[in-house]
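Reviewing the structure listed below.
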Amino acid sequence: MIREQFQDSYNLLKKHIKDIDEEKATLQPAIANNNIKWQLGHLILLNDFLVFETINGQKVLEQSAAKYFLWGTSPINFDGNEPSFDELKVLLNEQLDRIFNSLEKQLEKDRNEPIVLKDVDIVMNNFNESIHFAIIHTNRHFGQIVLLKSMISKLD
Numbered sequence: 001m002i003r004e005q006f007q008d009s010y011n012l013l014k015k016h017i018k019d020i021d022e023e024k025a026t027l028q029p030a031i032a033n034n035n036i037k038w039q040l041g042h043l044i045l046l047n048d049f050l051v052f053e054t055i056n057g058q059k060v061l062e063q064s065a066a067k068y069f070l071w072g073t074s075p076i077n078f079d080g081n082e083p084s085f086d087e088l089k090v091l092l093n094e095q096l097d098r099i100f101n102s103l104e105k106q107l108e109k110d111r112n113e114p115i116v117l118k119d120v121d122i123v124m125n126n127f128n129e130s131i132h133f134a135i136i137h138t139n140r141h142f143g144q145i146v147l148l149k150s151m152i153s154k155l156d
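Under UniProt numbering, the first residue of the sequence shown is numbered 1, with each subsequent residue one higher.
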């Protein structure tokens, strides 16, 4: 069931972002804390962390993208070296493939360190727990992307 949830969430997300270009992705409405590009980059970065913890043997949160898309960052941190929106779309597709190719194996593994979300009293000791949370995380940020897209379309 979790495989289908990932697939459906990612397919809906891809449908909503396919017609968004870099200009719209980086537009930040005055009442918003970030933009579509940040939302997508954050979703990808954190899902890599929640599902895999490491990418190519390196901790996800130590990757260069973390300085742009980690908790507490915003588009203010963009300096022109962050991935483009088109690159993020490619990463999203690759991420779904990676998740599908290793999901069952990851569900059986323990994390190196638990993830503790103190403000909501959630502790994730293994990948089974953090992978389930990744679905919630995906859908939360997908909703933000849809909202931002709607706000931007009203500005046009």
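Every residue, glycine too, gets a C-beta built ideally from N, C-alpha and C.
Give the C-beta separation of residue i and residue j to the nearest angstrom, bearing in mind that I take them to be a contact with Cβ-Cβ under 8 Å.
i, j, result
"Tyr-68", "Phe-52", "Going by Cβ atoms, the distance from Tyr-68 to Phe-52 rounds to 19 Å, so no, they are not a contact pair."
"Leu-125", "Pro-114", "The sequence given here has Asn at residue 125, not Leu. Contact holds; Cβ gap of about 5 Å."
"Gln-95", "Asn-47", "6 Å"
"Leu-13", "Ile-145", "7 Å"
"Ile-135", "Phe-85", "No, Ile-135 and Phe-85 are not in contact; Cβ-Cβ is about 23 Å, not under 8 Å."
Once the 5 residues before and after residue i are set aside, which same chain residues still bring their CB inside 7 Å of it?
i, result
"Asn-35", "Ala-25, Thr-26, Leu-27, Gln-28, Pro-75 and Leu-148"
Give every residue of the same chain whose Cβ lies closer than 8 Å to the Cβ of residue i, excluding the five residues on either side of it in the sequence, and list them in chain order.
i, result
"Gly-41", "Ala-65, Tyr-68, Phe-69, Glu-82, Pro-83 and Leu-88"
"His-137", "Leu-43, Leu-46, Asn-47 and Leu-50"
"Glu-22", "Lys-37, Ser-84, Phe-85 and Asp-86"
Compare the beta carbon distance of residue i and residue j with 8 Å and say whether it is the shorter of the two.
i, j, result
"Val-60", "Leu-45", "yes"
"Lys-154", "Phe-127", "no"
"Ile-152", "Phe-6", "no"
"His-132", "Ile-2", "yes"
Tell me which residues share the same chain as residue i and place their Cβ nearer than 6 Å to its Cβ, disregarding the 5 neighbours each side in the sequence.
i, result
"Tyr-10", "Leu-96"
"residue 157", "Outside the displayed span of the chain (1 to 156) sits residue 157, for which this structure offers no information."
"Gln-39", "His-141, Gln-144 and Ile-145"
Note down, one range per segment and in chain order, each beta strand (DSSP E) of at least 3 residues found wholly within the UniProt domain "DinB-like" (5–145). 110–117 and 122–126
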